[in-house]
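Undergrad: Have a look at the structure that comes next, please.
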Amino acid sequence: MDSNPTKEIIVDENKIRIDQYLSKKLIDFSRSKIKSLIQNKMILVDGAGVKPSQILRQNQIIKCNIQTNEVEQNNLILPEKMDIEIIYEDEYFIVVNKKSGVVVHPGNGNHSNTLVNGLIHCFSKLSETNSIRPGIVHRLDKNTSGLILVAKDDNTHSLLSTLFQKRKIKKMYKAIVWGNPKDKGIIKNYLKRDRRNKTAFKVSKTDGKEAITNYETIKNYGPISYLRLFPKTGRTHQIRVHMKSIGCPILGDDKYSGDSKNIKSFHTDYTMKLKKTLNLIQRHMLHAQSLFFLHPYSKEKVHFNVDLPNDMKEVISLWKKQN
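Residue numbering for the sequence shown follows the numbering used here, beginning at 4 and increasing consecutively.
Dropping the structure here:
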């Protein structure tokens, strides 16, 4: 890992001191620390060293060379230009369609290229309830695509969090799984950390956190099926663990038994098509497609929906040709 990563910020204001500007952009970094970095030429403007009192012009480029340990110790989050698909925005919150492969917020060695880095580049106002997760009300796994709610202020963050806690925000996911689940079902049990793998979870009948997922089979294609899922709780990896628990792991989910080893469980007539299917994808086939809830202020019903990502469409299209 590069111990001195360079971060680039394109100035989006005019006639403002660099120390004042960066104090707004570098979350949880003190003005005195920023001043020190500028004086030590760890922060450059258009490739040149400047004074903390330097007045910035719009579209100038600031480059920050900050040691990784400083990033970790100071919860530093730098704005980064990112292609973010905004589904909805009002004065209180934003709804984003997160791409697969994007980590939601900094942590565990990920201090750049997260959704939060992109959000603070695009929006000057986000909730500050959690300093390393500004705006983030709930999360999706890195390789899960789909809708995420982002709060613009602390009061909205609190209201949306309460709606989640009270199960007033309805979520609908789509998934492609191995095998043939029932036409519909309810999976209800407890989830807890897997002692053999600290980054994974497993089902428990007696202890852990309660987890409930309803599902419906949209279409069965033989060795794989296309599902609609409604998680009633929001546990980490919940849908992925639940589908594994009923013998239908999510296609492409290496962590939870959704890898190519499943091919040998099906008739050899399917082998070539299954191999072709796995060659089409680079992640697990899970997408957070819809959100339904009452707007926390207007109390009107709101419904947000996004189309399936292309990789899932390609898999479904391939199997439709056979059936």
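Ideal placement from N, C-alpha and C gives every residue a C-beta, glycine not left out. This one's a predicted model, so the numbers in the text were calculated from it and none came from an experiment.
According to the Cβ coordinates, are L166 and P299 closer than 9 Å?
TA: Against the sequence shown, residue 166 aligns to sequence position 163. Against the sequence shown, residue 299 aligns to sequence position 296. In contact: L166 and P299 (Cβ atoms closer than 9 Å).
Undergrad: Quick check: the stretch 237-255 against the stretch 179-194, are at least 3 beta-carbon pairs closer than 8 Å?
TA: In short, these stretches touch, since the Cβ pair count reaches three.
Undergrad: With burial defined as no fewer than 16 other Cβ atoms inside 10 Å of the residue's Cβ, what is the status of Q241: buried or exposed?
TA: Here residue 241 corresponds to residue number 238 of the sequence shown, with the count starting at 1. Q241 comes out buried.
Undergrad: Quick one: grab the DSSP three-state call for R238.
TA: To locate residue 238, count along the sequence shown from 1; it is residue 235. Looking at R238 - three-state DSSP - the assignment turns out to be coil, as it is neither helix nor strand.
Undergrad: Enumerate, from N- to C-terminal direction, the unbroken alpha helix (DSSP H) stretches of 4 or more residues contained entirely within the stretch 179-261.
TA: DSSP runs (the alpha helix (DSSP H)) wholly in the stretch 179-261: 241-248.
Undergrad: Is it the case that the Cβ atoms of C67 and I90 are separated by a distance below 9 Å?
TA: For this step, residue 67 is matched to residue 64 along the sequence shown. For this step, residue 90 is matched to residue 87 along the sequence shown. It is not a contact, given that the beta carbons lie outside the stated cut-off.
Undergrad: Out of T147, V48 and K18, which has the shortest C-alpha to C-alpha gap to L311?
TA: Locating residue 311 in the sequence shown gives position 308, where the first residue counts as 1. That would be T147, whose Cα lies nearest to the Cα of L311.
Undergrad: Give me, in chain order, the residues of the same chain whose beta-carbon lies closer than 8 Å to that of I215; leave out the 5 immediate sequence neighbours on both sides.
TA: Residue mapping note: residue 215 aligns to position 212 of the sequence shown, counting from 1. Result list for I215: I189, I190, K191, P234, K235 and T236, in chain order.
Undergrad: What does the alpha-carbon distance come out to for the pair R198 and I64?
TA: As a first step, residue 198 must be located in the sequence shown, where it is residue number 195. As a first step, residue 64 must be located in the sequence shown, where it is residue number 61. Roughly 47 Å separates the two Cα atoms.
Undergrad: Indicate whether N120 and M85 have their beta-carbon atoms separated by less than 9 Å.
TA: Locating residue 120 in the sequence shown gives position 117, where the first residue counts as 1. Locating residue 85 in the sequence shown gives position 82, where the first residue counts as 1. Cβ atoms of N120 and M85: closer than 9 Å.
Undergrad: With distance defined between alpha-carbon atoms, name the residue in L59, N265 and R238 nearest to L194.
TA: Looking up residue 194 in the sequence shown gives position 191. The residue with the shortest Cα to Cα distance from L194 is R238.
Undergrad: Quick check on the burial criterion: 16 or more other C-beta atoms within 10 angstroms. Buried or exposed for L297?
TA: For this step, residue 297 is matched to residue 294 along the sequence shown. By the 10 Å Cβ count, L297 comes out exposed.
Undergrad: Are the beta-carbon atoms of P350 and S115 separated by less than 9 Å?
TA: Beyond the ends of the chain as shown, which are 4 and 326, falls residue 350; an answer cannot be given.
Undergrad: Return the chain-ordered list of same chain residues with a C-beta closer than 6 Å to the C-beta of I41, the five sequence neighbours on each side being excluded.
TA: For this step, residue 41 is matched to residue 38 along the sequence shown. P55.
Undergrad: Could you tell me which of K187, Y224 and R231 sits nearest to K276, measuring between CA atoms?
TA: By one-based count along the sequence shown, residue 276 stands at place 273. Nearest of K187, Y224 and R231 to K276, Cα basis: Y224.
Undergrad: Grab me the residues of A51's own chain with a C-beta within less than 7 Å of its C-beta, minus the 5 sequence neighbours each way, in chain order.
TA: Locating residue 51 in the sequence shown gives position 48, counting from the first residue. The answer is none, since no qualifying residue turns up.
Undergrad: Rounded to whole angstroms, how far is the Cβ of P82 from the Cβ of K28, which I believe are closer than 8 Å?
TA: By 1-based counting over the sequence shown, the position of residue 82 is 79. By 1-based counting over the sequence shown, the position of residue 28 is 25. Indeed, because the Cβ distance is near 6 Å, the residues count as touching under 8 Å.
Undergrad: Short of 7 Å in beta carbon distance, which residues of its chain neighbour H164, apart from the five on each side in sequence? Order them along the chain.
TA: Mapped onto the sequence shown, residue 164 falls at position 161. Checking the sequence, you will find Ser at residue 164 rather than His. Correct list, in chain order: V140.
Undergrad: Is the beta carbon of A154 sitting closer than 9 Å to the one on L118?
TA: Your numbering for residue 154 matches position 151 in the sequence shown. Your numbering for residue 118 matches position 115 in the sequence shown. It is not a contact, given that the beta carbons lie outside the stated cut-off.
Undergrad: Can F204 and V244 be called in contact, C-beta distance under 9 Å?
TA: Position 201 of the sequence shown holds residue 204. Position 241 of the sequence shown holds residue 244. Against a cut-off of 9 Å, the Cβ pair of V244 and F204 comes out as a contact.
Undergrad: Quick check: what's the CA-CA separation for S39 versus I87?
TA: For the purposes of this step, residue 39 is taken as residue 36 along the sequence shown, with counting starting at 1. For the purposes of this step, residue 87 is taken as residue 84 along the sequence shown, with counting starting at 1. Straight-line Cα distance between these residues: approximately 33 Å.
Undergrad: With DSSP as the reference, label I3 as helix, strand or coil.
TA: Given that the chain is displayed from residue 4 to residue 326, the structure contains no residue 3 and the question cannot be resolved.
Undergrad: Please state if the CB of L25 and the CB of N100 are separated by a distance shorter than 9 Å.
TA: Taking the first residue of the sequence shown as 1, we reach residue 100 at position 97. Taking the first residue of the sequence shown as 1, we reach residue 25 at position 22. No, the pair does not count as a contact, with Cβ atoms beyond the cut-off.
Undergrad: Determine the extent of the alpha helix (DSSP H) in which Q23 is found, giving its start and end residues.
TA: Here residue 23 is taken as the residue at index 20 of the sequence shown, counted from 1. Element bounds for Q23: I21 to K28.
Undergrad: Just the C-alpha distance for Q285 and R34, rounded to the nearest angstrom, thanks.
TA: Indexing the sequence shown from 1 puts residue 285 at position 282. Indexing the sequence shown from 1 puts residue 34 at position 31. Using only the alpha carbons, I get a separation of about 42 Å.
Undergrad: Rounded C-beta distance between L321 and K279? I'm assuming under 8 Å.
TA: Mapped onto the sequence shown, residue 321 falls at position 318. Mapped onto the sequence shown, residue 279 falls at position 276. About 7 Å; that satisfies the 8 Å criterion.
Undergrad: Give me the Cβ distance between I19 and L59, rounded to the nearest whole Å; I'm assuming they're in contact under 8 Å.
TA: Working through the sequence shown from its first residue, we reach residue 19 at position 16. Working through the sequence shown from its first residue, we reach residue 59 at position 56. With 8 Å as the limit, I19 and L59 qualify as a contact, their Cβ atoms being about 6 Å apart.
Undergrad: Short of 7 Å in beta carbon distance, which residues of its chain neighbour N1, apart from the five on each side in sequence? Order them along the chain.
TA: Residue 1 lies beyond the stretch modelled for the chain, which goes from 4 to 326, so this question has no answer here.
Undergrad: Quick check on this structure: which residue in E131, R136, C125 and F126 has the alpha carbon closest to the alpha carbon of V106?
TA: Counting from 1 along the sequence shown, the entry for residue 106 is found at position 103. Nearest option by C-alpha distance: R136.
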